[in-house]
Structures are given as C-alpha cells and as structure tokens.
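Residue numbers (the numbering used here), protein chains in the order written: chain A, 548 to 853; chain B, 195 to 663. Each residue gets a CB set at the ideal place from its N, CA and C atoms; glycine is no exception. Note that the structure is a prediction, hence the values are computed from the model and not measured.
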C-alpha cells in the first residue's frame with residue numbers, strides 16, 4: 548500500500564515537469580498567436596490608419612469595414628482570383644501525385660532507385676517560394692530566355708508579355724504552385740496507399756482485376772480520408788496564396804487586378820497601416836479557414852468511429 | 195535525485211533562454227563600447243586636424259545616426275566630407291563621433307515606414323539611437339517637412355545667406371507651410387533627354403545636341419521623331435521614362451480639397467503614350483527592370499532615356515564594357531519640356547543630439563564650393579550651386595566622357611532655373627506610382643481608359659484612405 552502511494556506521488560511529480568516543459572510553447576503561443584488573434588478581431592471594428600505621419604482614429608465604426616470590403620466588390624473578386632489559381636494548380640497536382648504515388652506504392656512494379664526519385668520530386672518544395680517566383684519572373688520577362696528561345700525557334704514573331712496578360716500569369720502561378728507542392732502530396736498519398744492492406748490488392752488480382760480497376764475500385768475508395776485531408780490542407784494553403792503571385796507580378800499593380808489574391812489585398816492595406824480594413828479581411832479569412840478545418844476534423848473523427 | 199537535478203537544470207535553462215530575448219537591449223552596446231574605443235585612440239592623432247571641421251561640442255552625442263534609402267549619400271560623404279573615415283559598410287567615424295548608417299530600401303514603402311516608426315519617437319530615444327540626419331526625396335519631402343519631426347535649418351544656425359548660391363526650387367521642395375526651410379540638397383536635378391548618338395545619326399542624320407533638340411523640341415515633334423525611330427527599328431523609350439516630364443508640368447496638384455484630380459497634362463501623357471505604344475514606338479517597361487535596362491547597350495535598340503545628371507553616373511553602367519556609356523555614345527539635350535527628377539535632400543531630425551555636426555555636414559555638403567566641384571567632377575553630379583555650375587559649363591572639367599565629351603552643364607543650369615514646384619503635394623509618390631502602373635494596362639490594350647482610371651482611384655484610396663474622387 549505504502550509502495551503504491553509512493554508511485555502515484557511520483558506520477559504527480561513527473562506531471563509537474565510536463566507542465567514546466569510546456570511553458571515555452573504556451574508563452575510563445577499566447578504572445579505571438581492568441582493575443583494578436585483577438586486584437587485583430589478587436590481592431591476590425593475601428594477606423595484606424597496613418598495618413599502620412601498623422602494617425603487617423605481609432606474611431607469605433609462597428610461593422611463598416613466588413614460592409615466596405617464586400618460592397619465594393621473587393622473580397623468576392625479577390626476570393627475568386629485566389630480560388631481560380633488554386634484550382635488550376637490543384638487539379639494537375641492531385642492527378643500527377645496520384646499517378647506517382649500509385650507507381651511508387653505498387654510492389655509489383657519494383658521501381659529502381661525510388662528513394663532517389665522521391666527526393667527529387669520533393670526538391671522544388673525546398674526552394675523558397677519567392678526565389679522560385681523571381682526565377683520565373685526572369686525566365687518569362689519580355690527580353691528573357693523563354694521569349695528569345697521561342698522567337699529563335701520561330702514559334703513567336705515578337706516577344707509575348709507573359710507576366711502582363713491575365714491568362715498566362717494565372718497559368719504560371721498555377722504551374723509553379725503545382726510544381727512546388729506535388730512532391731509533398733505524393734509523399735502523403737503514398738503513405739496512405741502503403742497503409743492499405745496488401746491482401747486486398749492480391750484478392751483483386753486473383754479475381755482478375757486489371758491495374759486500372761484496382762486503382763479505381765480499391766485504392767481510391769480506401770484513400771478517401773487521406774485525399775480529403777490533402778484537399779483541405781491544400782485549400783487552406785491556397786487561400787493564403789501570397790508569395791508566388793506577389794513576387795511574380797510585383798504586387799499585381801495593373802488596372803485589372805486579376806492576379807491579386809486575398810493576402811495580396813491584405814498587403815495593400817499595409818501601405819497606410821490600415822488596421823481596421825486589414826483586420827476585417829483577416830477575420831473573414833479566419834472564419835473560412837475555421838469552417839474548413841471543422842470539416843476535416845468532423846470527417847476524420849467520424850471515420851474512426853465507424 | 196540526479197535525474198531531478200538534471201531536469202530542473204534543463205527547464206531552468208529553457209525558460210531563461212526564453213526570457214533572454216526580453217532582456218534590456220541597452221546593455222548590449224555598452225558591452226561593445228570598449229572594443230570600439232580602442233581603435234579610436236589610435237586614430238586620435240590624424241583626427242586632430244579635422245577636429246576643426248567636425249567640431250563636436252563637448253555636450254554633443256557620440257553617435258551620429260543617418261537614415262538613407264541607398265548608398266548614394268554615404269559614398270558622397272566617404273569621398274568628399276573632410277575627416278570622414280570609413281570603418282565598415284554601415285559604420286564610419288568623424289573625429290570622435292561614430293557614424294552609423296541605417297539603409298532601408300524604398301521598395302514597397304519600406305524606407306518611409308521605417309522613418310514613420312523612428313522619427314516621432316526620436317526625442318525620447320536613447321542618445322546612441324537618436325536619428326540625427328535623414329534623407330528625403332522630392333516625392334514625399336512635404337510629408338516630413340510639414341510635420342514637426344524635421345528641424346528648421348534656422349534652428350541649427352544655418353542662414354539664408356549661407357544657401358544663397360543654391361537653386362530656388364531645391365529650397366521650395368523642403369519649405370514647410372509656414373515658410374520655414376527644413377532641408378538642403380547638394381544636387382540640382384534638372385533633367386533632359388539622354389539620347390543614343392548612334393541611333394540619332396541613324397534616324398536624324400546627326401548627333402549634334404542642338405540638332406537633336408530641334409527634333410524633340412515639343413511633344414508633337416517628339417512623337418514624329420519617335421515614329422521615325424520606330425521605322426528604323428528603334429523604340430523611343432518607355433512610357434514611364436516620359437511620365438515625369440509631363441507630370442512636372444501640370445497646372446494643379448494631384449490632390450485638391452481631399453479629392454484626386456487628373457491634370458490635363460497627365461491626360462496628355464496617357465494619350466500620347468497610348469498612340470506611341472500602339473505604333474510600337476515606345477515600350478511599357480517598368481523603370482529599373484531588366485527589360486528597361488537592356489537599352490543601355492546598343493543591342494537594346496533604344497533611342498533615348500529621360501534623366502537628370504545623376505542618371506549619367508548612377509544608371510548607365512559606365513563600367514560595363516558592353517554599354518553605350520562605356521563607349522561614350524550618349525548625348526544630352528533639354529527635351530520637349532523642362533522637368534526635374536529625384537534628388538536627395540538632407541534633413542535634420544528633431545531631437546538630434548549632434549546639432550553642430552549636422553550643421554557642418556549640411557553646410558559642407560551643400561554649400562562648400564570646393565566640395566561641390568569635386569562631387570561634380572568625380573561623380574558627374576549636377577551640383578546645387580549656381581556659381582559652380584557656371585564655372586563647370588565654361589571649363590574642360592565639365593566635359594563628361596560617357597556623353598562623348600559633351601559638356602551638359604549649361605543646359606542643366608538653365609533647366610534648374612526654370613523648375614517650378616508649386617504643384618507638389620503630400621501624395622505625389624503614391625499617385626505617380628499608381629497612375630503609371632494602372633495606365634500600363636490601358637496601354638497594353640487590356641482595359642479601357644475609364645477602367646484603368648477607376649483602378650487608379652481604387653489603388654490611391656487604398657494607400658490614402660482619407661481621399662475621394
């Protein structure tokens with residue numbers, strides 16, 4: 548009895564260390580995440596910006612900031628810009644990743660040096676997004692190498708302004724996002740595929756299923772939770788798309804603003820330190836991201852309950 | 195027990211590491227101070243004869259903080275200020291005073307954001323952190339001049355008589371609403387048209403500045419010449435090159451009674467540029483970009499750039515063997531309309547603890563004729579002194595190699611007399627930037643003028659939420 552008592556007290560003691568080791572995280576989280584989160588929400592109800600060296604506000608204006616960003620058409624427009632570029636990048640990305648993951652996970656194919664290829668496809672993700680965007684900016688400039696190559700090959704008669712036209716710029720942004728993230732998605736999907744019981748594949752083969760049938764009838768349905776996870780995390784990342792289009796278009800200062808994403812719009816408000824408008828926009832993004840996260844959470848928990 | 199000791203040690207280490215960041219930063223420079231003093235003692239002897247120039251009074255601060263957006267002023271001080279010794283890329287010494295350079299690029303408004311942060315708090319800052327000198331450009335000079343973060347030059351003991359030789363416009367840029375002068379510049383940035391001599395011979399049959407000037411004497415002739423250049427396979431320049439020539443000759447300010455106003459001359463820029471872009475005679479390249487910079491070499495097939503004297507030395511890459519400048523292949527003429535571009539003004543920050551040194555720097559760099567002439571000869575800068583420019587215009591010293599030996603100072607001096615800056619406003623930088631950016635979409639044919647104008651208003655109102663249109 549006495550021995551047992553000693554044991555529990557020791558557990559309590561060790562618990563204490565657990566809390567102590569958590570302190571740094573909690574402190575950093577409080578100062579750099581939680582408090583800014585609440586002040587952002589608070590700030591979104593004020594008119595508060597700098598005009599030159601003079602500060603205007605803070606004046607309480609209720610929901611005016613929210614009404615402004617929706618009524619002048621800014622948020623719907625930049626939201627759809629963001630979504631178009633995300634979808635254009637995500638579809639080829641998921642197709643490519645599924646294909647690669649299926650090949651890598653397939654034990655019958657026995658791909659040689661798969662470790663090497665897995666590293667290589669992950670590589671683009673290691674480059675800083677802004678450096679990657681800068682590279683594409685230089686490549687596709689009016690007097691850049693791509694244009695001079697196309698002219699020498701006789702495809703174009705005069706330089707094409709890739710980074711001024713909406714279609715070509717959006718395509719470039721989508722292509723870069725796809726290139727940067729398909730490796731990451733492949734790794735995730737492959738992990739999902741390796742988790743599927745090999746007996747199922749063997750049974751399908753014994754029944755005479757072709758590899759296409761195996762992929763669509765066995766692999767895909769069992770991969771659904773991972774696919775949903777990949778999609779939602781990519782969507783949240785996509786909503787926050789900033790560095791690639793920002794650097795590629797130098798902040799998209801054209802009249803059309805068809806490359807401007809939500810966060811680039813947020814960035815525009817930093818010029819006048821417009822805390823109110825920027826706050827309202829952040830809160831809007833927070834709500835959308837929050838809803839998406841709840842969907843993932845619900846889906847993954849209900850899956851495990853079944 | 196041992197385990198417990200170890201874990202408590204670890205957690206203490208972790209928590210203290212966390213708190214280190216919150217420590218008092220003032221202790222850090224103190225620790226560095228002895229190290230910095232040691233070489234100072236050795237430097238004492240040569241510094242003694244410059245002490246008269248630097249003349250730091252006993253009660254002056256030991257650190258002179260200078261805020262700038264590029265290396266230009268620093269290289270002028272390093273090369274021409276008597277008694278300045280360079281320590282490393284961001285530090286120097288004038289006598290006993292440490293000079294600390296804080297260089298923040300203008301890109302994305304970063305330089306002004308930094309000033310907005312430090313200047314209002316300058317009076318309460320620690321002595322070694324107090325900003326003493328900051329530099330401004332004409333585009334946003336009024337923002338700082340009209341605020342009380344800038345010290346009137348009269349408070350430093352600089353009189354109007356000291357600055358009598360300077361051009362009037364360089365003073366009006368930094369004169370506040372009450373008529374107090376709050377800065378000075380060593381440059382007079384009257385600008386003109388810098389043309390490619392080879393291209394001029396090809397298109398106009400001559401590269402003589404007077405003849406070329408006749409071909410671009412007003413905007414109608416300029417448009418004709420541009421079309422002729424296009425026929426010979428040249429582009430005239432970028433629409434953004436000509437913008438300032440139009441925008442300097444407006445009849446009203448960008449912002450009038452809180453509303454954004456597009457002046458008739460700005461509208462003329464839009465119309466002329468659109469016609470020339472459609473005729474493929476001008477490009478829409480952004481200034482400073484790679485595409486724009488290609489014109490500095492003969493392969494770029496660019497007829498001209500628009501620029502002031504600092505453009506010669508600072509932008510034409512004379513050291514690169516492939517450039518036109520290296521071969522001395524540029525010429526200079528006044529161009530269609532007189533205008534000015536850029537220039538750096540030296541302002542004293544309110545709250546400075548080195549007023550005497552600041553005064554001496556301003557006087558030496560902007561009024562000392564020997565120094566100004568040195569700057570002009572060494573850096574082909576157009577200096578802010580009527581007598582030095584007159585001197586240069588009539589002497590061999592004013593011949594500039596990259597202009598093929600041409601002496602542009604007579605034209606530059608004449609241009610500087612004519613500059614009228616009564617239409618500057620606090621919002622110029624944001625408006626100029628946004629207007630050029632949004633109109634590019636119109637020039638490229640992707641939006642109508644009305645759409646581009648709407649986008650311009652939207653962009654300016656994002657930058658300055660208090661404005662309307």
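Item: Nearest candidate by alpha-carbon position, reference residue 825(A), set 581(B), 657(B), 318(B) and 261(B); Value: 657(B)
Item: Residue 833(A) versus residue 638(B): straight-line alpha-carbon distance, rounded; Value: 37 Å
Item: Straight-line Cα distance separating residue 439(B) from residue 525(B); Value: 18 Å
Item: 3 or more residues per run - each beta strand (DSSP E) lying fully within the stretch 556-614 of chain A; Value: 593-598 and 601-607
Item: Under 8 Å (Cβ pairs) to chain B, residues found in the stretch 832-845 of chain A; Value: none
Item: Environment of residue 794(A) [buried if 16+ CB atoms lie within 10 Å]; Value: buried
Item: Length of the line joining the Cα atoms of residue 560(B) and residue 721(A); Value: 53 Å
Item: Distance CB(residue 558(B))-CB(residue 275(B)) smaller than 8 Å; Value: yes
Item: Alpha-carbon to alpha-carbon, residue 612(B) and residue 457(B); Value: 20 Å
Item: Inter-residue CB distance, residue 519(B) and residue 398(B) (contact presumed, cutoff 8 Å); Value: Residue 519(B) to residue 398(B), Cβ: 20 Å. No contact.
Item: 8 Å Cβ cutoff, residue 640(B) in contact with chain A; Value: yes
Item: Endpoints, alpha helix (DSSP H) assigned at residue 368(B); Value: Where residue 368(B) is concerned, there is no enclosing alpha helix (DSSP H), given that its DSSP letter is neither H nor E.
Item: For residue 378(B), the residue or residues it bridges with in DSSP; Value: 540(B)
Item: Reference residue 373(B); option with closest CA among 555(B), 600(B), 354(B) and 264(B); Value: 354(B)
Item: C-alpha gap between residue 660(A) and residue 667(A), whole angstroms; Value: 11 Å
Item: Where residue 546(B) sits in the DSSP three-state scheme; Value: coil
Item: is_contact[residue 819(A), chain B] using C-beta, thresh 8 Å; Value: yes
Item: Residue 453(B) (DSSP reduced to helix, strand or coil); Value: strand
Item: Residue-chain proximity (residue 653(B), chain A), Cβ-Cβ < 8 Å; Value: yes
Item: Delimiting residues of the beta strand (DSSP E) encompassing residue 329(B); Value: 325-330
Item: For residue 447(B), three-class secondary structure by DSSP; Value: coil
Item: Whole runs of the beta strand (DSSP E) within the stretch 269-324 of chain B, excluding any shorter than 3 residues; Value: 278-282, 285-288 and 291-297
Item: Residue 502(B) - DSSP class collapsed to helix/strand/coil; Value: strand
Item: Span of the alpha helix (DSSP H) around residue 608(B); Value: 603-612
Item: Extent of the continuous beta strand (DSSP E) to which residue 387(B) belongs; Value: 384-390
Item: Close Cβ partners of residue 340(B) (< 8 Å) along its chain, the five nearest in sequence each way excluded; Value: 370, 371 and 620
Item: Range of the contiguous beta strand (DSSP E) that encloses residue 526(B); Value: 524-527
Item: Identity of the residues DSSP links to residue 533(B) by a beta bridge; Value: 385(B)
Item: Any chain B beta carbon closer than 8 Å to residue 598(A); Value: yes
Item: Rounded C-alpha distance that separates residue 802(A) from residue 630(B); Value: 10 Å
Item: Rounded separation between residue 846(A) and residue 772(A) - CA only; Value: 8 Å
Item: Rounded C-alpha distance that separates residue 264(B) from residue 839(A); Value: 45 Å
Item: Boundaries (first-last residue) of the beta strand (DSSP E) holding residue 262(B); Value: 257-262
Item: Rounded straight-line distance, which links the Cα of residue 313(B) to that of residue 572(B); Value: 33 Å
Item: Endpoints, the alpha helix (DSSP H) within which residue 416(B) is located; Value: 413-425
Item: Identified DSSP bridge partners for residue 344(B); Value: 543(B)
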